[in-house]
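Worksheet: one structure, shown below.
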Amino acid sequence: RFLVDLRGTRVPEPAIEAASSMLLDWLGSALAGRLTDPGAKLLAYGEAEPAGVASVVGSKSGRSPETAAFLNGALSHIVEMDDVDRGSVLHPGAVVIPAALAVAEVRSKSGRELLSAIVAGYEVAIRIGAADGNTFHEVVDRADTTTGDHRHGDGIDDRLGQVQVESLTRAVTIHRRQQ
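Take the sequence shown: its letter number 57 is residue 61 in the working numbering, and every next letter is one higher.
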């Protein structure tokens with residue numbers, strides 16, 4: 005219910021300011037990732053993908069929202085300087101921010117709407133990650149990449165579109181059953 009009730013105009017200003025800092029931190033990590041060998045390989049892969057409207061950090065041409073979110077997320081996580089939440093044992097920015105950027109860009113959303121979506125995405129990711137504890141790490145090494153699918157879907161697209169309680173509940177239930 006918390007996420008459904010969260011609207012851009014009701015996101016507290018300190019949370020918006022924190023999201024702005026997280027976005028800048030994420031951008032620095034993504035730019036640093038571009039300078040690595042794995043980053044060069046990712047960018048070469050991206051160049052081979054069809055053009056689109058969503059931006060890839062540091063690139064002149066866009067890609068599909070899915071490809072841009074993938075590339076931006078991977079680039080931001082290469083140098084391991086991105087954020088970490090110890091309670092949920094994940095790097096929420098690597099999955100939340102690229103998805104928020106892609107959706108916000110495609111839907112022509114405002115900066116405040118983007119930051120509100122980042123707040124919502126972090127809330128969902130961290131709350132579910134904390135509730136799961138170290139369960140993910142008992143099965144896989146990277147909780148953030150394993151669970152990124154529902155986290156950015158729940159927190160990002162729904163904030164930039166409109167979420168319904170039933171659809172959010174179904175998404176989280178499906179994720180939990182896949183554990």
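Don't be surprised by glycine CBs; every beta carbon is placed ideally from N, CA and C.
Here the structure is a predicted model, which means the values were calculated and not measured.
Item to check | For Asp87, three-class secondary structure by DSSP | outcome: coil
Item to check | Through-space distance from Thr71 to Val15, alpha-carbon basis | outcome: 29 Å
Next on the checklist: Could you tell me the alpha carbon to alpha carbon distance between Ala73 and Ala44, rounded to whole angstroms?
Outcome noted: 16 Å
Checklist entry - Hey, Val123 and Ala19 are a contact pair by Cβ (cut 8 Å); roughly how many whole angstroms apart? => result 5 Å
Next on the checklist: As a quick exercise: from Ala22, Glu21, Leu27, Glu17, pick the residue whose alpha carbon is nearest that of Ile101.
Outcome noted: Leu27
Item to check | Bounding residues of the alpha helix (DSSP H) (the contiguous stretch that carries Gly37) | outcome: 17-38
Item to check | Runs of beta strand (DSSP E) wholly within the stretch 41-109 (minimum 3 residues, chain order) | outcome: 55-58
Next on the checklist: Applying the 10 Å Cβ sphere with the 16-neighbour rule, what's the burial state of Pro69?
Outcome noted: buried
Next on the checklist: Quick test of your reading: Trp30 and Ser65, contact by CB under 8 Å. State the CB separation rounded to the nearest angstrom.
Outcome noted: Not really, about 21 Å apart at Cβ, beyond 8 Å.
Next on the checklist: Our contact map puts Leu119 next to Ser59 with C-beta atoms below 8 Å; I'd like the distance itself, whole angstroms only.
Outcome noted: Not really, about 17 Å apart at Cβ, beyond 8 Å.
Checklist entry - Do the CB positions of Ala121 and Ala104 come within less than 7 Å of each other? => result yes
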